[in-house]
Structure formats: C-alpha cells, structure tokens
Amino acid sequence: MPVIGLIQVGYHAMADRYAYVPLVGIFVIISWGVSDIFSRLFARRILLILLAATVVSVSVIVSWQQVQYWQNSMTIFQHALNVTKNNYQAHQGVGNILFSRGNIDGAIAHYMEALRFKPDHAEVRNNLGMALMYRGKFEEAMNQYLEALRIKPNQAKVYNNMGVLLAKQEKMESAIAYFREAVRIDPDFAGAKGNLQVALQVQENSTRLQAR
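Using our numbering, the first residue of the sequence shown is number -10, and each one after it goes up by one.
Written out as structure tokens, the structure reads:
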C-alpha cells in the first residue's frame, strides 16, 4: 500500500528514495565548491570538464552495476544478503522464491535463518510449517503453526494449513475443526471453504463405509 513516508519505520527507513531530496543540497554544495576551487587555483575550464566527465563516467558504471541487482526478485534478495547483516526479510524473500520453485530444503534453510534473527515472525513460522509439511515432517510443521498462532492469533491461513496437515494424516475430525475456525475468522476464505467441503465429504464417505 503506497504511503507518503513522512515517518519512516523499520527497514523502510533505509530506502534509497529518502535520500534523494537531502542529497540535492549536498551535490549543489559540492559542484559549486569544486567550481570555485578550480577557478581560483587553476583558472582552467578543461580540468573542471575532465573532472565532471570522470564523475559522470563513474556514476554511469556504478548505476549499471546496481541495475544488475534488479533483474529479478532473487538477485535483489541475494544482493541484500551480501551487503547487509541479520537481514531476516531477505532470507524470507529467498525462502519464498525457493519454495515456489520447489526447492523445499533451500527454503527451509532460509526460513530457519530468518527466524534466527527474528524468532517472533509469525509469517515465516507459517511458511516454515508449510515447507516442513511438504517434507513430511508433520510434528515439526504443527509446532511451527502453533508458534505462529501464539505470536499472532486468529490467522485464518494458519488454521487452514493446520487443517491440511491433519487431513494429510487422515485426522479428518480435527482437520474439519481447524477448517471451520479458518472460515469463522475469514468468511471469504475460499480455500478454507473448499477444504472444509472436501473434508466433510471424506468424513461422510468414511462413515458410510463403516456403516456397511
């Protein structure tokens, strides 16, 4: 969501855009100062022109190098990891990309690294839970979901994921309870509604088979 940014908080305070306006005055001072120095000491425009050309050339090279980091989300996050420390957001970003690419083990590694720097990040806990679930580590996944809810209660997506986890273990009654809770929290959660319907159908079919 776009904001005016009069007050910068968290990592947004490090954004380059907040330096644009303040740097205008600094560059004006530098340009006038250099011009004045050269006019007094050397009185030769050629030196000032050469200096300006050098500065422009260096700026072009540096800008070109920076642009390379903006090829895609992965290169941005990887660059952030290279130039910053304890950057849980970059680890989370890399983990999300690796997860979407099917590199579950790589995603788990980055999620765990993100939690090492910020243990109370509920979203990362949820994402790690999903990755662990894909690896068949159901107990560890459930622990991450529970921790995510402890940090930030009433998350419909976490309850839905817990329902999916229990359904995979054929614990349909418990799964249904979690799907219902997800729908209660977010009545417009189509995924949870669909999962609830499927779980209810599976439970009904199972009951019919047992009755025969």
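All C-beta atoms in this analysis are idealised placements derived from N, C-alpha and C, irrespective of residue type, glycine included.
Assigned secondary structure, residue i (DSSP; H/G/I helix, E/B strand, else coil)
{"i": "T202", "result": "The question about residue 202 has no answer, for the chain in this structure spans -10 to 201."}
{"i": "D109", "result": "coil"}
{"i": "P176", "result": "coil"}
{"i": "K126", "result": "coil"}
{"i": "K157", "result": "helix"}
{"i": "Y90", "result": "The amino acid at residue 90 is misidentified as Tyr; the sequence shows Arg. In this structure, R90 counts as coil in the three-state DSSP scheme."}
{"i": "Q133", "result": "helix"}
{"i": "Q81", "result": "helix"}
Range covered by the alpha helix (DSSP H) that runs through residue i
{"i": "N61", "result": "Looking at the DSSP string, N61 is not in any alpha helix (DSSP H), and its letter there is neither H nor E."}
Of the listed residues the options, nearest to residue i (C-alpha basis)
{"i": "G125", "options": "D94, K141 and A79", "result": "D94"}
{"i": "V147", "options": "F88, M122 and N194", "result": "M122"}
{"i": "A130", "options": "A145, A111 and M151", "result": "M151"}
{"i": "N194", "options": "A96, I65, E162 and R90", "result": "E162"}
{"i": "P142", "options": "K157, D109 and V153", "result": "D109"}
Cβ neighbour criterion (16 or more within 10 Å) applied to residue i
{"i": "R224", "result": "No statement about residue 224 is possible, as the shown extent of the chain runs from -10 to 201 and does not include it."}
{"i": "E128", "result": "exposed"}
{"i": "L219", "result": "In the structure displayed, the chain extends from -10 to 201; residue 219 sits before or after that span and is not available."}
{"i": "M63", "result": "exposed"}
{"i": "G14", "result": "exposed"}
**OP:** Count the C-beta pairs between the stretch 168 to 180 and the stretch 134 to 141 that are closer than 8 angstroms, then say yes if the count reaches three, no if not.
**Re:** No contact exists between the stretch 168 to 180 and the stretch 134 to 141.
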